[in-house]
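Asker: There's a structure below that I have some questions on.
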Amino acid sequence: MSVLNDVLNSEILKEKLNEAVEVYYYPSIDSTNNQAKRLIAEGKAQRMLVVSDEQTAGRGRQGKSFYSPNKTGIYMSFVFKPSEEFESAVSCTTAASVAVCRAIESKTELKPQIKWVNDIYLGNKKICGILCEAINGSEANKISEIVVGIGLNIKTAEFPDDVENASCLGVDIARADLIAEITEQLIKTVNTPYSSFIEYYRAHSLIIGRDICFIQNGVSTNAKALQIENDGGLTVLLENGETKTLRSGEISIRRI
Numbered sequence: 013m014s015v016l017n018d019v020l021n022s023e024i025l026k027e028k029l030n031e032a033v034e035v036y037y038y039p040s041i042d043s044t045n046n047q048a049k050r051l052i053a054e055g056k057a058q059r060m061l062v063v064s065d066e067q068t069a070g071r072g073r074q075g076k077s078f079y080s081p082n083k084t085g086i087y088m089s090f091v092f093k094p095s096e097e098f099e100s101a102v103s104c105t106t107a108a109s110v111a112v113c114r115a116i117e118s119k120t121e122l123k124p125q126i127k128w129v130n131d132i133y134l135g136n137k138k139i140c141g142i143l144c145e146a147i148n149g150s151e152a153n154k155i156s157e158i159v160v161g162i163g164l165n166i167k168t169a170e171f172p173d174d175v176e177n178a179s180c181l182g183v184d185i186a187r188a189d190l191i192a193e194i195t196e197q198l199i200k201t202v203n204t205p206y207s208s209f210i211e212y213y214r215a216h217s218l219i220i221g222r223d224i225c226f227i228q229n230g231v232s233t234n235a236k237a238l239q240i241e242n243d244g245g246l247t248v249l250l251e252n253g254e255t256k257t258l259r260s261g262e263i264s265i266r267r268i
C-alpha cells in the first residue's frame, strides 16, 4: 500500500471500530498524550482515541522523545477509566504491550516480542514504544483516567542519529486497520483480569534468560533476567547472587 493512499481521519477510524469510542484526529500535533490530557481537562469522554499523522514533540518514558515523522507510523493515545488492577504504571504498560502484540499478530504474519517493560521489538530492533500516564481525579489520590500513548513505526525508512536500534514493521498495511485493532485489543485487555494475559506477556518476552544491564539512580548494574512476576515486575539475578525485582518507573533496562 502506498503511504499516499493510506488515509487517516475520524470518519474512517469510527467506521472501523466496533466499540463505542470518541475519536479525535489531527493531521499534526505536538503529542497525542498531551492532546488527550488537554481533552480530559476540557471534560471530554472518559473513553477516547486521539490519533495524528505526525507528532512534533512525541514523548517516551524517562523524558525521552519519540521520532514521529508524517504518515509513516501510528501515533495514538487511548484513554480509559481504569479498575484498581490497572492503576499502576507496570500493570497498564503490560496490558498495552500485550494488546499491541496481539494486534500485530492479528493483522500480519510477524512475531513481535516485548522488551520489559514498554518496548515492542522485531528481532533485535525496536518498532514501538508505549507511555502510560495516570490522570488524577477530583478525589484525593484517586486516578480518574489512564492515557496509553503508543508510537508504532510502520514504514519509517530513516531515523536520526540519536535514535538507536530502531526499525519498523515494514509491511503493507492500512494504519487505520491496525489502529482499530490495537484499540479493540486494548479495550479487551483492560477489561479482563490481569492473570488472563500475563502468560502471553511472558511468552513474548525478549529478555528472559538473557544477560541485561539496568540503570537505577544513575548506577548501571549487570544482571540476568529471570522471570516476569504475576504483577508484571521483572526479577533479576545480580552478580553477587542476590535477586531483585524491578518496577516500572524506577529504572531503565537494556540488553548488554
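Take any residue in the sequence shown, note its place counting from 1, add 12, and you have its number in the working numbering. The C-beta atom is built at its ideal place from N, Cα and C for all residues, glycine as well. Here the structure is a predicted model, which is why all the values come from computation and not from measurement.
1) Grab the span of the alpha helix (DSSP H) containing V160 for me, first residue to last.
2) Between A192 and the rest of its own chain, which residues show a CB-CB distance below 6 Å, the 5 nearest in sequence each way excluded?
3) I need the boundaries of the beta strand (DSSP E) containing I86, first residue and last residue.
4) Please report the straight-line C-alpha distance between N148 and G55, rounded to a whole angstrom.
5) Pick out whichever of Y206, V33, K83, A69 has its Cα sitting closest to the Cα of E96.
6) Classify L16 as buried or exposed, calling it buried when 16 or more other Cβ atoms lie within 10 Å of its own Cβ.
7) Which of the three DSSP states, helix, strand or coil, is assigned to S43?
8) With a 10 Å radius around its C-beta and 16 neighbouring C-beta atoms as the bar for buried, classify L250 as buried or exposed.
9) Out of V159, I139, T44, S22, which has the shortest C-alpha to C-alpha gap to E176?
10) When the Cα atoms are used, what is the spatial distance from S208 to T106?
11) In terms of alpha-carbon separation, which member of P94, A69, V102 lies closest to Y87?
12) What does the alpha-carbon distance come out to for the pair Y212 and T247?
13) With a threshold of 16 other CB atoms inside 10 Å of the CB of A32, please say whether the residue is buried or exposed.
14) Determine the direct distance from the alpha carbon of I210 to that of I268, and round the result to whole angstroms.
15) Count the other C-beta atoms from every protein chain shown that fall within 10 angstroms of the C-beta of A115, then say buried if there are 16 or more, exposed otherwise.
16) Taking C-alpha atoms, which residue in L164, S179, G182, T168 lies nearest to A111?
Answerer: On the basis of the coordinates in this document:
1) Taken as a continuous stretch (DSSP letters only), V160 belongs to no alpha helix (DSSP H), being part of the beta strand (DSSP E) at 155 to 165.
2) Result list for A192: K28, L29, in chain order.
3) First-last of the beta strand (DSSP E) with I86: 85 to 92.
4) Approximately 13 Å between the Cα atoms of the pair.
5) Minimum Cα distance to E96 is reached at Y206.
6) With a pLDDT of 46 at L16, under the threshold of 50, the modelled position of this residue cannot be trusted; read the value that follows with caution. Counting of Cβ neighbours within 10 angstroms places L16 among the exposed residues, the total staying below 16.
7) Three-state result, S43: coil.
8) L250 is exposed by the Cβ-count criterion.
9) Looking at the Cα atoms, I139 is the closest of the given residues.
10) About 12 Å.
11) The shortest C-alpha separation from Y87 is found at A69.
12) The alpha-carbon separation between Y212 and T247 amounts to approximately 17 Å.
13) Under the 10 Å beta carbon count, A32 is surrounded by fewer than 16 other beta carbons and is classified as exposed.
14) In this prediction, I268 has a pLDDT of 49, which is less than 50 and means its spatial position is unreliable; what the coordinates show is noted afterwards. So the alpha carbons of these two residues sit roughly 25 Å apart.
15) Buried: at least 16 other Cβ atoms inside 10 Å.
16) L164 is the residue among L164, S179, G182, T168 whose C-alpha sits nearest the C-alpha of A111.
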